[in-house]
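Each residue of the sequence shown is one higher than the one before, starting from 32 at the first, in this note's numbering.
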Amino acid sequence: MSDRTHNHRHSTKGDTWLRHWPLLVSLLALVVMQVLELGFKVHIGTWPSLLIYGFALLLAGYPVFALAFRKASRLDFFNEVVLMSVATIGAFTIGAYSEGLAVMVFYAIGEWFQDAAVDKAKRNIKALLDIRPDRVDVLRNGKIESVNTREVLLDEKIQVKAGERVALDGLLLSEQATLNTAALTGEAKPDNKRKGEPVYAGMINLNQVIQVQVKSLFKDTKLSKILQIVQDATSRKSKTQLFISRFAAVYTPIVFMLALIVVVLPYFIVEEYVFRDWLYRGLVFLVISCPCALVVSIPLGYFGGIGLASKNGVLFKGANFLDVMTKVNTVVMDKTGTLTKGVFEVQTVKTNQLDERTFLQYVAAVESKSTHPISTAITRYAEHIINSPKPKVEIPKPDYSFSATDVTEIPGLGLKATVNGKSVLVGNTRLLERQGIQFDTGLVDIAETVVTVAIDGVYEGHLVIADALKPDAKAAVQALQKAGIEVVMLSGDKASVVKSVADQLGIKQYAPDLLPEHKVEHLTNLKAAGKTIAFVGDGINDAPVIALADAGIAMGGLGSDAAIETADIVIQNDQPSKIPGLIRIGRITRNIVWQNICLAMGVKILVLLLGAGGVATLWEAVIADVGVALLAILNAVRIQNYKI
Numbered sequence: 032m033s034d035r036t037h038n039h040r041h042s043t044k045g046d047t048w049l050r051h052w053p054l055l056v057s058l059l060a061l062v063v064m065q066v067l068e069l070g071f072k073v074h075i076g077t078w079p080s081l082l083i084y085g086f087a088l089l090l091a092g093y094p095v096f097a098l099a100f101r102k103a104s105r106l107d108f109f110n111e112v113v114l115m116s117v118a119t120i121g122a123f124t125i126g127a128y129s130e131g132l133a134v135m136v137f138y139a140i141g142e143w144f145q146d147a148a149v150d151k152a153k154r155n156i157k158a159l160l161d162i163r164p165d166r167v168d169v170l171r172n173g174k175i176e177s178v179n180t181r182e183v184l185l186d187e188k189i190q191v192k193a194g195e196r197v198a199l200d201g202l203l204l205s206e207q208a209t210l211n212t213a214a215l216t217g218e219a220k221p222d223n224k225r226k227g228e229p230v231y232a233g234m235i236n237l238n239q240v241i242q243v244q245v246k247s248l249f250k251d252t253k254l255s256k257i258l259q260i261v262q263d264a265t266s267r268k269s270k271t272q273l274f275i276s277r278f279a280a281v282y283t284p285i286v287f288m289l290a291l292i293v294v295v296l297p298y299f300i301v302e303e304y305v306f307r308d309w310l311y312r313g314l315v316f317l318v319i320s321c322p323c324a325l326v327v328s329i330p331l332g333y334f335g336g337i338g339l340a341s342k343n344g345v346l347f348k349g350a351n352f353l354d355v356m357t358k359v360n361t362v363v364m365d366k367t368g369t370l371t372k373g374v375f376e377v378q379t380v381k382t383n384q385l386d387e388r389t390f391l392q393y394v395a396a397v398e399s400k401s402t403h404p405i406s407t408a409i410t411r412y413a414e415h416i417i418n419s420p421k422p423k424v425e426i427p428k429p430d431y432s433f434s435a436t437d438v439t440e441i442p443g444l445g446l447k448a449t450v451n452g453k454s455v456l457v458g459n460t461r462l463l464e465r466q467g468i469q470f471d472t473g474l475v476d477i478a479e480t481v482v483t484v485a486i487d488g489v490y491e492g493h494l495v496i497a498d499a500l501k502p503d504a505k506a507a508v509q510a511l512q513k514a515g516i517e518v519v520m521l522s523g524d525k526a527s528v529v530k531s532v533a534d535q536l537g538i539k540q541y542a543p544d545l546l547p548e549h550k551v552e553h554l555t556n557l558k559a560a561g562k563t564i565a566f567v568g569d570g571i572n573d574a575p576v577i578a579l580a581d582a583g584i585a586m587g588g589l590g591s592d593a594a595i596e597t598a599d600i601v602i603q604n605d606q607p608s609k610i611p612g613l614i615r616i617g618r619i620t621r622n623i624v625w626q627n628i629c630l631a632m633g634v635k636i637l638v639l640l641l642g643a644g645g646v647a648t649l650w651e652a653v654i655a656d657v658g659v660a661l662l663a664i665l666n667a668v669r670i671q672n673y674k675i
């Protein structure tokens, strides 16, 4: 953004027309004088005109003149406020009072609209996320107290009524809750939570009153961190913004010199040289060359891109990463937690003699004694099946008294226990081999994790456990490939599992059995081959690779804090289908920014040539300058209306 806007503009929050009364009075004076002079042919004389126009000029231009004086006193002459001040004073010097006032009035109006648009964009971005309640109901000493959110302590219990927003991160104490997570994820689909599961500030409680145990202070909530990321993002400039800033610093003094040449050079080559005419042309040259349309509309375009991403549950940590995403030609993804859910689930259950419910009761009795993720998945699945309504076909009534004793863990193989007087083995195929128990040898060829079960020395069945694919994983890969982007999958999982996932998703390039340093090595090789890489991961082991990539993307819902802190972009709802959207947002932003650059430069060059040739007047210069700026602003603002 221009130096002038940093030093002179103020927030338009609560802005009213009344605050700009000096400018509006000046505009009214200009309109009345023009109607009298052009409409009614009333000429009130030179001195009265000078007094009226001069007073109106002071009202409209005082802030600009004051800033120009401060800059000039620091020997900073080549900027737009000095440029417009010189043009206005020059016009008054040659008696072009109406044109001089018009230059300042319309310049000030243009700046007003530009500042308002930029402030609105920033407020819109903040409003997407800054929805933290100021007060919260806390359960203290058996009573509900309404206190400031910042005063709530860790592990205190808060109450959230239906329709209210959760104020602080914590664990759900109520049996269940239905929450709208759109503020964090961009998804309006309700999310059902159960007792003990995490809930985050910004979520809206949709049904009954719930209780939450606080696990983060106000300043440490996920929503606060998201807000800080977005606020920081607006200050991190893209290469295009930095280029335009540098360009304006060179462009403005060149324009001053060219305007001076337009005034002076004709003296030596034109026979009937009239100083007033050529000074007028030089002033036109100065007015049209004002770089405001560029230095305001371009950052506004990037604000729009960041806001569009935030609205869709994606956080860019800087405008520069919008540019990076337009150049990405290879997306490298971790498997677990990125393309898969990162949670083990029972895929199939096969039994021999026992019905499924009884079989699962034996298995769950043993696995409930272990905290291994596979054991947790089996126990959760068994509870769901055992407690579900009975099918129409009559089966023996489940005995809910199953319990395991003498549970022994056999390292690397599984568990051995006694359940209701029977010896039960639950583990991998090697466990059964070691015990000399016969089973279907085809189980060894299954890519996923297989848990076999034997009761009293007889194989009774098995469960297939796998990390399920995310519902939108395949669509994300297909969208990237359709866009001509190469997709690579890296994983620390075993080869058979990684190959199975790759085949399901249509990914041709993948590498299994990787440690974090191996992932770094793969990424280094890809970069050495000239690839521009976006890496997507979620675990703490992905942090080094995320840092190495041109654009590091973290899954913000299940992702580790290390991955999220290191990443350049955070996907809040963990959906891989957002990745193609990131590239589209980057491209949309880039296209609109360059449309503004071409529009502004094209119109300015045309009117500069017309002004130097004496065809364009100060009126055309003012209208062209302000008109281009407003068109560029409107073009930038429309980014927010795109659907991703």
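Ideal Cβ positions, reconstructed from N, Cα and C, are used throughout, including at glycine. Note that the coordinates shown come from a computational prediction; the quantities given were computed from them, not determined experimentally.
1. Quick one: give me the first and last residue of the beta strand (DSSP E) that residue 566 is part of.
2. Between 452, 612, 447, which has its C-alpha nearest residue 466's C-alpha?
3. Start and end of the beta strand (DSSP E) containing residue 445?
4. So, for residue 332: in the same chain, excluding its five sequence neighbours on each side, which residues have a beta-carbon less than 7 Å away from its beta-carbon?
5. Please list, in chain order, all residues of the same chain as residue 487 whose beta carbon is under 7 Å from its beta carbon, the five residues on each side excluded.
6. Could you pull out every residue in the same chain whose Cβ sits closer than 6 Å to the Cβ of residue 395, ignoring the five residues on either side in sequence?
7. Using only the alpha-carbon positions, how far apart do residue 297 and residue 59 sit?
8. Secondary structure at residue 234, three-state DSSP: helix, strand or coil?
9. Just to confirm my understanding: we take residue 423, look at its own chain, exclude 5 residues before and 5 after, and list those with CB closer than 7 Å. What are they?
10. Look up residue 246 in the DSSP assignment and say whether it is helix, strand or coil.
11. Where DSSP assigns a beta bridge to residue 347, which residues make up the other side?
12. Using a Cβ-Cβ cut-off of 6 Å (strictly less than) and excluding sequence neighbours within five positions of residue 340, which residues of its own chain qualify?
13. Start and end of the alpha helix (DSSP H) containing residue 480?
14. Can you grab the Cα-Cα spacing for the pair residue 252 / residue 207, in whole Å?
15. Considering Cα atoms alone, identify which of 250, 201, 337 is closest to residue 234.
16. Excluding the five sequence neighbours on either side, which residues of its own chain have a C-beta within less than 6 Å of the C-beta of residue 502, listed in chain order?
17. Below 8 Å CB to CB, which residues in the same chain sit around residue 484 once its five sequence neighbours on both sides are set aside?
18. I'd like to know whether the C-beta atoms of residue 168 and residue 179 end up nearer to each other than 8 Å.
19. Excluding five sequence neighbours on each side, which residues of the same chain lie with their C-beta closer than 6 Å to the C-beta of residue 225?
20. At which residues does the beta strand (DSSP E) containing residue 314 begin and terminate?
21. Return the bridge partner residues of residue 583 from the DSSP annotation.
22. Nearest by alpha-carbon distance to residue 387: which of 115, 580, 415 is it?
23. Would you mind giving the Cβ-Cβ distance between residue 649 and residue 117, rounded to the nearest angstrom? I have them listed as a contact below 8 Å.
24. Helix, strand or coil: which one does DSSP assign to residue 468?
25. Which word fits residue 304, buried or exposed, when buried means at least 16 other C-beta atoms lie within 10 angstroms of its C-beta?
26. Indicate whether the contact test is met: 3 or more Cβ pairs, each with one atom in the stretch 124-140 and one in the stretch 52-68, closer than 8 Å.
27. Output the boundary residues of the alpha helix (DSSP H) element that contains residue 609.
28. Rounding to the nearest angstrom, what Cα-Cα distance links residue 306 and residue 140 in this structure?
29. How many whole angstroms separate the CB atoms of residue 404 and residue 507, which I take to be in contact at a CB cut-off of 8 Å?
30. Is the Cβ of residue 181 closer than 8 Å to any Cβ of chain C?
31. Beta carbon of residue 580, beta carbon of residue 564: below 8 Å?
32. May I ask which residues mark the beginning and end of the beta strand (DSSP E) holding residue 512?
33. Would you kindly report the start and end of the unbroken beta strand (DSSP E) that includes residue 363?
34. Around the Cβ of residue 250, are there at least 16 other Cβ atoms within 10 angstroms (buried) or fewer (exposed)?
35. Taking three-plus beta-carbon pairs below 8 Å as touching, is the stretch 80-96 in contact with the stretch 118-132?
36. With the cut-off set at 8 Å, would you say residue 597 and residue 498 are in Cβ contact?
Looking at the coordinates:
1. 564-568
2. 447
3. 445-450
4. 620, 623, 624, 627, 667, 670
5. 453, 454
6. 410, 413
7. 38 Å
8. coil
9. Confidence is the limiting factor: at residue 423 the pLDDT is only 45, short of 50, which leaves the residue's position unreliable, though a coordinate-based value still follows. Cβ neighbours of residue 423 beyond the five flanking positions: none.
10. coil
11. 600
12. 347, 616
13. Per DSSP, residue 480 belongs to no alpha helix (DSSP H); it is in the beta strand (DSSP E), 480-486.
14. 21 Å
15. 201
16. none
17. 390, 393, 394, 455, 456, 457, 490, 491, 492, 493, 494
18. no
19. 207
20. Here residue 314 belongs to no beta strand (DSSP E); instead the alpha helix (DSSP H) covers 306-319.
21. 566
22. 415
23. Not confirmed; about 13 Å, so no contact.
24. coil
25. exposed
26. yes
27. 609-643
28. 31 Å
29. That belief does not hold up - the Cβ atoms of residue 404 and residue 507 are roughly 25 Å apart, past 8 Å.
30. Judged by its chain identifiers, the structure shown contains no chain C, having just a single protein chain.
31. yes
32. It is not in any beta strand (DSSP E) - residue 512 instead sits in the alpha helix (DSSP H) that spans 504-513.
33. 361-365
34. exposed
35. yes
36. no
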